[in-house]
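Chemist:
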Amino acid sequence: MKTDREPERPDLIPIQGIPLVKYFAEVMGEVEGFQAHPDDLLISTYPKSGTTWISEVIDLIRKEGDAEQCRQNPIYMRIPFLEFAVPELPSGIELLRNVPPPHVIKTHLPVQLLPKSFWETKCKIIYVARNAKDVAVSYYFFNQMTKVQPHPGTWNEFLEKFMAGDVPYGSWYDHVKGWWDKRKEQRMLYLFYEDLKEDPQREIRKVMEFLQRPPDARLVEKIAHLTSFKEMRQNSMTNYTSIPTALMDHKISPFMRKGITGDWKNQFTVAQNERFDANYKKQMEGTTLQFRTEI
Ligand code: PPS
């Protein structure tokens, strides 16, 4: 039932042509002026690509695997979400202002909307990309359960909008390519959800090396265990159940939904898959970026 406090599902607002959640678009002026610190670490992703997963990995690395310390606060309080803003919750900018740098910061912004101070300071960036088909499915369910963005419509309608970039944060294709092209100019580690799924310990070691942490086999093993889908799904500090139901309704679809690669096969019809593949070929023409849709 809709409560008086429940925000409606406002239309997206384009910022430089990129559709954003209305409340996020409203703080983009403040976001643009954000001053990054050279020792900040930026976690960047297109939505539904493994942001929460890599965030927990990074926080555990920083806290030497101390799970109790990580359980003090929800992930979105420990790693502020730069452009986040909704009624009645502190915005990302507010959280960042309350704690002195260096920060670990989450963003879903495409390269052209990232505040320029991140490029100027050349702070470290970890980008995680996930294959488009699984992102589209995950995003479809997420758009149903989160109330601050427009309803996705039917699966077929949503898939069309996804291919056209008419969803929050715009085109997946431009996002993953835009960040891929930046990786050589920046101190950036570009990771894939599918690689994390395939061999979490290998990917955690990559992150530790990038963050110049000594490779410690026991710590890697512990972090891989604590950040498994099973553990994170039941951890109230990582599964987003602490967000008010008026904003995220896990009864519609849990935030920690399936956590697998290849779930698209349960959602796409044969015709949708053919149409998607043909469109994908056009949109990804000329890039060296490659994805796996199964492992
Ligand atoms: S958000 O809202 O954009 O920040 O979401 P994000 O965290 O990027 O993506 C959510 C999807 O990631 C899955 N997930 C995981 N998969 C495997 N292992 C772990 N530990 C894990 N944590 C989150 C989550 O279930 C969402 O994917 P789907 O396919 O919907 O299950």
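This note's numbering puts the first residue of the sequence shown at 9, with every later residue one more than the last. No residue lacks a Cβ here, since even glycine has one placed at the ideal position from N, Cα and C.
1) Taking DSSP's pairing of strands, which residues face Met196 in a bridge?
2) Taking only three categories from DSSP, how would you classify Val35?
3) Would you list, in sequence order, the uninterrupted beta strand (DSSP E) runs of no fewer than 3 residues that lie entirely inside the stretch 196 to 253?
4) Measuring from the CB of Thr301, is there a heavy atom of the ligand PPS at a distance below 7 Å?
5) If you reduce the DSSP assignment to three classes, tell me which class Asp142 lands in.
6) Could you work out which residue in Trp61, Gly186, Arg70 and Gly161 is closest to Pro222 when comparing CA atoms only?
7) With three or more C-beta pairs closer than 8 Å as the rule, is the stretch 152 to 168 touching the stretch 227 to 237?
8) Taking just the CA atoms, how far does Ala75 sit from His183?
9) Can you give me the C-alpha to C-alpha distance between Ile87 and Ile51, rounded to a whole angstrom?
10) Please tell me whether His258 and Met153 are closer than 8 Å, where the distance is taken between their beta carbons.
11) Please work out which residues of its chain come closer than 6 Å, Cβ to Cβ, to Leu227, disregarding the five sequence neighbours upstream and downstream, and give them in chain order.
12) In the DSSP output, which residue or residues are listed as bridge partners for Met256?
13) Taking 8 Å as the cut-off, does the stretch 34 to 42 touch the stretch 184 to 198 (at least 3 CB pairs, one atom from each stretch)?
14) Might you give, ordered along the chain, the residues of its own chain that have their beta carbon closer than 8 Å to the beta carbon of Arg17, omitting 5 neighbours on each side?
15) What separation, rounded to the nearest whole angstrom, lies between the Cα atoms of Gly25 and Asp203?
16) Using the three-state DSSP reduction, which class does Phe89 fall into: helix, strand or coil?
17) Anyone know if the C-beta pair for Tyr224 and Cys131 falls short of 8 Å?
18) Would you mind giving the Cβ-Cβ distance between Lys304 and Phe276, rounded to the nearest angstrom? I have them listed as a contact below 8 Å.
19) Alpha carbon to alpha carbon, how far is Asn247 from Ser179? Give it in angstroms, no decimals.
20) Given 7 Å as the limit, tell me if Ser146 has its C-beta closer than that to any heavy atom belonging to the ligand PPS.
21) Our contact map puts Pro82 next to Ser250 with C-beta atoms below 8 Å; I'd like the distance itself, whole angstroms only.
22) Helix, strand or coil for Ala279, going by three-state DSSP, please let me know.
23) What whole-angstrom Cβ distance do Arg265 and Asn139 have, given they're in contact under 8 Å?
Modeler: Considering the structure as presented:
1) Ile133
2) coil
3) 196 to 200
4) no
5) helix
6) Arg70
7) no
8) 32 Å
9) 9 Å
10) yes
11) Gly73
12) Thr154
13) no
14) Lys155, Val156, Gln157, Pro158 and His159
15) 32 Å
16) strand
17) Note that residue 224 is Asp in the sequence shown, not Tyr. Their beta carbons are not under 8 Å apart, which means Asp224 does not touch Cys131 by this criterion.
18) Outside the shown range of the chain (9 to 303) lies residue 304, about which nothing can therefore be said.
19) 26 Å
20) yes
21) 5 Å
22) helix
23) Not quite, the Cβ-Cβ distance comes to about 16 Å (not below 8 Å), so this is no contact.
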